[in-house]
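This report refers to the structure that appears directly beneath it.
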Amino acid sequence: MQLARVLGVVVASVKHPSLIGVRLLLIQPQDHDGLPDGDAIVAADALQAGPGELVEWITGREAALALPDTFSPVDATVIAIVDHHHPNAGEGAP
Amino acid sequence: MILCRVLGNAVATVKHPVYVGRTVLIVQPVRPDGDARLGRSFLAVDAVGAGEGDLVLCSREGNTARQLLGGPDDPFHSVVLAIIDRINTAAGEVRGPGPGPDGT
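Read top to bottom, the protein sequences are chains A and B. The first sequence lines up with residues 1 to 94 when you count with the numbering used here. The second sequence lines up with residues 1 to 104 when you count with the numbering used here.
Put into structure tokens, the structure is as follows:
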């Protein structure tokens, strides 16, 4: 479970049937200071997150459990849109 | 399990229903001295009432998180599962915020 910044929306017409109706987002994982952690990845969206937003995402088997079809071939899912975070002294508005 | 320092928390209104009422903590992996940072911070759901500044144990593995937090099909992946009182190594003792052997 980690923070990430949404970079954009990924659109695919041909995809596994379990992913029909599931939004795909391009996200950049980051730490609490906004420093990128690794490369950008594509994550499914369990909410309605949009570009520019700071989100929380999960990986592993749980990523699919957050979707309507829990047997989707998905290894990353956005599960929350961050309002604000407080690393140490209150810094870090999204 | 990963030794971490709690840096703070992340607040979200729009979130998956299983996260409603849960506290999401920002945790920073640290070396056994309790201070030096080890890689990037991540998020973990609190299962023990930990807070900012605490030295804690985290798990980044779904089965552990689901057993502690919810049902078998709930999308939890990482969890804070203990608040560390102290760590004893050859280099000495690192104390967490908990009570010491004399109860203080």
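Heads up, the beta-carbon is just placed ideally off N, CA and C, and yes, glycines get one too.
Below 8 Å between beta carbons: does that hold for residue i and residue j?
| i | j | result |
| --- | --- | --- |
| Tyr19(B) | Ile79(A) | yes |
| Val22(A) | Ala44(A) | yes |
| Leu43(B) | Ala82(B) | no |
| His86(A) | Gly8(B) | yes |
| Glu52(B) | Val6(B) | yes |
| Val56(B) | Val94(B) | no |
| Ala50(B) | Leu25(B) | yes |
| Trp57(A) | Thr70(A) | no |
When we look at the beta-carbon of residue i and count the other beta-carbons within 10 Å, is it buried (16 or more) or exposed?
| i | result |
| --- | --- |
| Pro17(A) | exposed |
| Ala93(A) | With a pLDDT of only 49 at Ala93(A), under 50, the local geometry of the prediction cannot be trusted, and the value read off the model is given with reservation. It counts as exposed. |
| Glu91(A) | The pLDDT assigned to Glu91(A) is 47, lower than 50, so where the model puts this residue is not dependable, and the model offers no usable value. |
| Asn88(A) | exposed |
| Met1(B) | exposed |
| Lys15(A) | exposed |
Starting from residue i, trace the alpha helix (DSSP H) both ways and give me its first and last residue.
| i | result |
| --- | --- |
| Ala65(B) | 62-69 |
| Glu62(A) | 61-65 |
Mind checking which residues open and close the beta strand (DSSP E) that includes residue i?
| i | result |
| --- | --- |
| Arg86(B) | 86-89 |
| Arg5(A) | 2-10 |
| Leu19(A) | Taken as a continuous stretch (DSSP letters only), Leu19(A) belongs to no beta strand (DSSP E), as it is neither H nor E. |
| Gln28(B) | 24-29 |
| Leu7(B) | 2-15 |
| Asp46(B) | 42-46 |
| Ala44(A) | 41-45 |
| Leu111(B) | Since the first residue of chain B shown is 1 and the last is 104, residue 111(B) is not available in this structure. |
| Glu93(B) | 92-95 |
| Ser78(B) | 78-83 |
Below 7 Å CB to CB, which residues in the same chain sit around residue i once its five sequence neighbours on both sides are set aside?
| i | result |
| --- | --- |
| Ile81(A) | Leu47, Ala49, Glu53, Val55 |
Leaving out five residues on either side along the sequence, give the residues of the same chain with a beta carbon under 8 Å from the beta carbon of residue i.
| i | result |
| --- | --- |
| Arg61(A) | none |
Between the region 56-67 of chain A and the region 64-76 of chain B, can you find at least three pairs of beta-carbon atoms closer than 8 Å? Cβ pair count under 8 Å is three or more, so yes.
Decide if the region 29-36 of chain B is in contact with the region 26-33 of chain A; the criterion is three or more beta carbon pairs, one per stretch, under 8 Å apart. no
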